[in-house]
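**Student:** Okay, here's the structure, questions in a sec.
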Amino acid sequence: MRKAIVTGGVSGLGEACATRLRADGVEVITVDISARADYSLDVSDSAAVDAAVAAIGRVDILINSAGITGPNKPLWEVTDAEFQKTFDVNVNGLFYFCRAVIPAMVDSGWGRIVNIASIAGKEGNPNLGAYSASKSAVIGLTKSLGKELATTGVLVNAIAPAVIATPMNDRTAPEVLAHITSLIPMKRVGRAEEVAALVSWLASEQVSFSTGAVYDISGGRATY
């Protein structure tokens, strides 16, 4: 049985991914700030991440879903702390988990890493500058890491959803949410289970010739 870590695994996209992977027969370990997670920790705490991965042992699949939207305001009103916190969770946390699990994946000759980016990382969303920049960083890291690991059997891909109905987006300012939804040609938000289906495929043995790629799931918003 394959073993997976899903960060942000008890709500939103992370919860949907965990549910889908379990249905696929994967042993899933959730990591989240919530006490309901198998490992309750802040992904931006590198020491806590290393300790959790050491306790969990070798894993085959890593789904980096933990994330925050950050401040909903013009960039010039964003504080140092708000900008830093967004990157600490969305980028640094992802980096810490990748760094912790990759050596054992390489040793085993098989691994799947799926990073949750965002269409905002490609196109930018107004009043979500910190979030958009952090998701651009996720995309760049995925492309670089995919190339580094291309001959090891460890595949690294990202997905770039448009707005999805999740608790995280419940905290997005209504006018911002309305704007980014209006950009979707299908004129609806996505569903978490739709994203989880794509993640399931990217985490499977069916994928063997894709790495460093970004898969859009955007209701037609993304065109490149």
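Per our numbering: the sequence shown ends with 1258, consecutive numbering throughout.
Note that beta-carbon positions come from the ideal geometry of N, C-alpha and C, so glycine has one too.
(1) In the region 1158–1198, which residue ranges form an unbroken beta strand (DSSP E) of at least 3 residues, counting only runs that do not cross its ends?
(2) Checking contacts by CB at 8 Å: is S1099 closer than that to chain B?
(3) Just tell me which of I1218, L1109 and V1040 has its CA closest to the CA of I1153.
(4) With DSSP as the reference, identify every bridge partner of V1040, one or two as the case may be.
(5) Looking only at its chain, what residues have a beta carbon closer than 6 Å to the beta carbon of I1214, apart from the 5 residues adjacent to it on each side?
(6) Roughly how many angstroms lie between the CA atoms of P1195 and V1040, to the nearest whole one?
(7) Any idea which residues DSSP pairs N1149 with across the strands?
(8) Look at L1075 and A1082 and say whether their C-beta atoms are less than 8 Å apart.
**Tutor:** If we stick to the structure as given:
(1) If one requires a minimum length of 3 residues, the beta strand (DSSP E) runs lying completely within the region 1158–1198 are 1188–1195, in chain order.
(2) The structure shown contains no chain B; it is built from a single protein chain.
(3) As a first step, residue 1153 is located in the sequence shown; it is residue number 119 there, counting from the start. Checking every option, the nearest Cα to that of I1153 belongs to I1218.
(4) For this step, residue 1040 is matched to residue 6 along the sequence shown. Partner(s): T1064 and I1097.
(5) Within the sequence shown, residue 1214 is the residue found at index 180, counting from 1. Once the five neighbours on either side are set aside, the close Cβ partners of I1214 are N1159 and V1197.
(6) Here residue 1195 refers to the residue found at position 161 of the sequence shown. Here residue 1040 refers to the residue found at position 6 of the sequence shown. About 17 Å.
(7) To locate residue 1149, count along the sequence shown from 1; it is residue 115. As computed with DSSP, N1149 is found in a beta bridge with N1098 and A1192.
(8) Within the sequence shown, the letter at position 41 stands for residue 1075. Within the sequence shown, the letter at position 48 stands for residue 1082. The answer is yes: Cβ separation under 8 Å.
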